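Trainee: Just so you know, the protein sequences line up as chains D and W, in that order.
For the first sequence, position 112 matches number 406 in the working numbering, and the numbering has no gaps at all.
For the second sequence, position 71 matches number 1380 in the working numbering, and the numbering has no gaps at all.
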Amino acid sequence: MDEGLRSELQKQGIFTTTLEEIYNWGRKNSVWPLGFGLACCAIEMIAASMSRWDLARFGAEVFRPSPRQADLMIVAGTVTKKMAPQVVRLYNQMPEPKYVIAMGACAISGGPFKQGYNVLKGIDRYIPVDVHIPGCPPRPEALLHAFITLQRKITEQQLTGPNRPRHLRRDAPSEFPIPEYGAHDLVPPSHPGLWRPPGLVR
Amino acid sequence: MSPALDHINLSSIPRVSTPEEIKVRIEAAVPGAKLTLVRQASPCGQHSLLVDHAHAVAVARFLRDDPQLRLDHVTNMAGVDWPDAVVKTKVKKMVLKEGKEVEVEETIEALRSGYLEAVYHLYSMALKHGPVILRLRTENRSDKVSVPSLTPVWRGAEFQEREAYDLYGILFAGHPDLRRILMWDEFTDHPMRKDYVEPDDYEYEPTPHDVLVDKARRHPAAGGQA
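1) How big is the Cα-Cα spacing for D:Cys430 and D:Asp296?
2) Less than 8 angstroms between the CB atoms is what I'm expecting for W:Val1296 and W:Trp1463, so what's the real figure, rounded?
3) Could you tell me whether the Cβ of W:Gln1469 comes closer than 8 angstroms to any Cβ of chain D?
4) Measuring only between beta-carbons, confirm whether W:Asp1504 sits less than 8 angstroms from chain D.
5) Which same chain residues, not among the five before or five after D:His461, have their C-beta less than 8 angstroms away from its C-beta?
6) Which residue marks the beginning of the alpha helix (DSSP H) containing D:Pro379, and which one marks its end?
7) Whole alpha helix (DSSP H) runs in the region 410 to 477 of chain D with 4 or more residues, listed along the chain?
8) Just mark W:Gln1469 as buried or exposed, buried being the case when its beta carbon has 16 or more other beta carbons within 10 Å.
9) Using a beta-carbon distance below 8 angstroms, is D:Ala401 in contact with chain W?
10) D:Ala399 by DSSP, collapsed to three states: which one?
11) Would you report the Cα separation of W:Ile1331 and W:Ala1419, rounded to the nearest angstrom?
12) Using a C-beta cutoff of 8 angstroms, does D:Pro486 count as contacting chain W?
13) I want to know whether the region 309 to 316 of chain D touches the region 413 to 429 of chain D - three or more CB-CB distances under 8 angstroms.
14) To which residues does DSSP link D:Ile368 through a beta bridge?
15) Could you tell me whether the Cβ atoms of D:Arg321 and D:Ile448 are closer together than 8 angstroms?
16) In the DSSP assignment, find the alpha helix (DSSP H) that holds W:Glu1521 and state where it starts and stops.
17) Just curious, the beta strand (DSSP E) that W:Lys1332 is in, first and last residue?
18) What whole-angstrom Cβ distance do W:Leu1425 and W:Asp1390 have, given they're in contact under 8 angstroms?
19) Pick helix, strand or coil for W:Arg1444, following the three-state DSSP scheme.
20) Count the C-beta pairs between the region 376 to 384 of chain D and the region 333 to 341 of chain D that are closer than 8 angstroms, then say yes if the count reaches three, no if not.
21) Specify the secondary structure class of W:Gly1388 as computed by DSSP and reduced to three states.
22) Restricting to runs no shorter than 3 residues, where is the beta strand (DSSP E) found entirely within the region 1390 to 1471 of chain W?
23) With a CB to CB cut of under 8 angstroms and the five nearest residues on each side skipped, what residues in its chain are close to D:Glu435?
24) Buried or exposed: where does W:Glu1467 fall if 16 or more other Cβ atoms within 10 Å of its Cβ makes it buried?
25) Below 8 angstroms on C-beta distance, what does D:Pro483 contact in chain W?
26) For W:Thr1416, tell me which candidate among W:Tyr1432, W:Lys1399, W:Lys1406, W:His1430 has the shortest Cα-Cα distance.
27) Quick one: does W:Phe1496 have its CB under 8 angstroms from some CB of chain D?
28) Could you tell me if D:Gln445 is buried or exposed, where buried requires 16 or more neighbouring beta carbons within 10 angstroms of its beta carbon?
29) Considering only C-alpha positions, which residue in the set W:Asp1393, W:Glu1407, W:Arg1444, W:Val1413 is nearest to W:Arg1421?
30) Got a sec: which bits of the region 405 to 435 of chain D sit with their beta carbon under 7 angstroms from any beta carbon on chain W, in order along the chain?
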């Protein structure tokens, strides 16, 4: 529909929409996060949900205690190798459509603990991450920005066609293999189909 | 309230403070205990007592219950890894040179076989003094890595001994629940040992330094050869 005609109709009190638009509009304004935190980033996440920053303005105030009722996983904090299988298991238990925000330096790369033997160097090695937030810890504003970025991403998702999102594709996986505890490291150390080492030329 | 702590006049109790005095008291109270004073050369001067395995629990119990010491609190129980090393000591010698006696410094090298150490820092909450430092040594770093557990004496040492077992591989004989505490049960290494090799599981280091520069260049992701 022509944008000019549409805004003209809107002035007359007639709203036009498409199924895709109203579907995505509804989804993006009721993204319920999973209520779990791993380290200090979780404190900033809690602050973002409270009155000063008020995540409720974006329809995300309902932190769910069960992964079965959650749409968004905010990985807030250091993921240790001992914790990583549990995080992947929680992700697998969430119903589609589901999204992941990796919050903070640790969740995206291992952060200041990158050289540690016990820290997973980024949760994107095992589950697909939609938005990465750098920072140690990121301020609540950064989380709000990530959340708005995610909302934009949801708005742009198409219901049909070859570019439709994962939850509308039969062949796309909704669960990802849970790593096992090995003798020296997690087995496998990363999901090979999901993550590849960055090509970096020095 | 604990039994009338307020009514104890702290100044009336003769204080035993130096490790030498404590050593003498222990040897008098626990017959046969073999104690060695380990001197700390740095300015802090926190000397410690090395205790033999057979009498360690008896010594610990004496330190806790002795009315002049009452070391009732373990603030810190740490593991230490001492790998095989060449120890250099400098000795001054008088040498006859051209008819005169001249002082010459000589370096003696000795091979020290490695061992693991469990170090206990003890304080007294009741008498407000400390720290008194105990050391327990294993025979080597490979197969004889057992020391007696002091958890039966100080309950607070339980988790810290588990940590030392997890990260250093020290076996605490007599510990009520010796399991790994930080790493998972299937893990077989001891990460805080000097010869631990960590998994090569990161590719990019924004500010590589020291050994990491070589590692970053070597890595296939950086265009080098693995």
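All residues carry an ideal CB built from backbone N, CA and C; glycine is no exception.
For clarity, every value in this text was computed on a predicted model and none was experimentally measured.
Mentor: Looking at the atomic coordinates:
1) Within the first sequence, the letter at position 136 stands for residue 430 of chain D. Within the first sequence, the letter at position 2 stands for residue 296 of chain D. Those two C-alpha atoms are separated by around 45 angstroms.
2) Because chain W spans 1310 through 1535 in this model, residue 1296 of chain W falls outside it and cannot be assessed.
3) Your numbering for residue 1469 of chain W matches position 160 in the second sequence. Cβ-Cβ to chain D under 8 angstroms: no for W:Gln1469.
4) Translated into the one-based positions of the second sequence, residue 1504 of chain W becomes position 195. No, W:Asp1504 does not count as interfacial toward chain D.
5) Position 167 of the first sequence, counted from the first residue, corresponds to residue 461 of chain D. Around D:His461: Glu390, Pro391, Lys392, Ser468.
6) As a first step, residue 379 of chain D is located in the first sequence; it is residue number 85 there, counting from the start. Per DSSP, D:Pro379 belongs to the alpha helix (DSSP H) from 378 to 387.
7) If we require 4 residues or more, the alpha helix (DSSP H) runs fully inside the region 410 to 477 of chain D come out as 434 to 449.
8) Within the second sequence, the letter at position 160 stands for residue 1469 of chain W. It counts as buried.
9) The count along the first sequence starts at 1 and reaches residue 401 of chain D at position 107. It does not: the Cβ of D:Ala401 has no partner Cβ on chain W nearer than 8 angstroms.
10) Residue 399 of chain D sits at position 105 when you count from the first residue of the first sequence. Helix at D:Ala399.
11) Within the second sequence, residue 1331 of chain W is the residue found at index 22, counting from 1. Within the second sequence, residue 1419 of chain W is the residue found at index 110, counting from 1. So the alpha carbons of these two residues sit roughly 31 angstroms apart.
12) Taking the first residue of the first sequence as 1, we reach residue 486 of chain D at position 192. No, D:Pro486 lies away from the interface with chain W (no Cβ there is under 8 angstroms from its Cβ).
13) no
14) Along the first sequence, one-based indexing puts residue 368 of chain D at 74. Paired residue(s): D:Ile395.
15) Within the first sequence, residue 321 of chain D is the residue found at index 27, counting from 1. Within the first sequence, residue 448 of chain D is the residue found at index 154, counting from 1. Yes, these two residues count as a Cβ contact at 8 angstroms.
16) Mapped onto the second sequence, residue 1521 of chain W falls at position 212. According to the sequence shown, residue 1521 of chain W is Leu rather than Glu. DSSP places W:Leu1521 inside the alpha helix (DSSP H), whose first and last residues are 1520 to 1527.
17) What you label residue 1332 of chain W is simply residue 23 of the second sequence in a count that begins at 1. Counted as a single uninterrupted DSSP element, the stretch harbouring W:Lys1332 is not any beta strand (DSSP E) but the alpha helix (DSSP H) occupying residues 1328 to 1338.
18) In the second sequence, the residue the question calls residue 1425 of chain W occupies position 116. In the second sequence, the residue the question calls residue 1390 of chain W occupies position 81. At roughly 6 angstroms, the Cβ-Cβ gap stays under 8 angstroms, so W:Leu1425 and W:Asp1390 are in contact.
19) Counting from 1 along the second sequence, the entry for residue 1444 of chain W is found at position 135. Strand at W:Arg1444.
20) no
21) Counting from one through the second sequence, the residue named residue 1388 of chain W turns up at place 79. Reduced to three states, the DSSP call for W:Gly1388 is strand.
22) 1394 to 1406, 1409 to 1421, 1424 to 1433, 1438 to 1446, 1455 to 1457
23) Against the first sequence, residue 435 of chain D aligns to sequence position 141. Trp347.
24) Position 158 of the second sequence, counting from 1, holds the residue named residue 1467 of chain W. Buried, because 16 or more other Cβ atoms sit within 10 Å of the Cβ of W:Glu1467.
25) For the purposes of this step, residue 483 of chain D is taken as residue 189 along the first sequence, with counting starting at 1. Neighbours of D:Pro483 on chain W, chain order: Pro1508, Asp1510.
26) By one-based count along the second sequence, residue 1416 of chain W stands at place 107. Comparing alpha-carbon positions, the option among W:Tyr1432, W:Lys1399, W:Lys1406, W:His1430 lying closest to W:Thr1416 turns out to be W:Lys1399.
27) As a first step, residue 1496 of chain W must be located in the second sequence, where it is residue number 187. W:Phe1496 counts as touching chain D.
28) Position 151 of the first sequence, counting from 1, holds the residue named residue 445 of chain D. Classification of D:Gln445: buried, given that the 10 Å Cβ count is 16 or more.
29) On the second sequence, residue 1421 of chain W is found 112 positions in, with the first residue counted as 1. Minimum Cα distance to W:Arg1421 is reached at W:Asp1393.
30) Lys408, Tyr411, Asn412, Lys415
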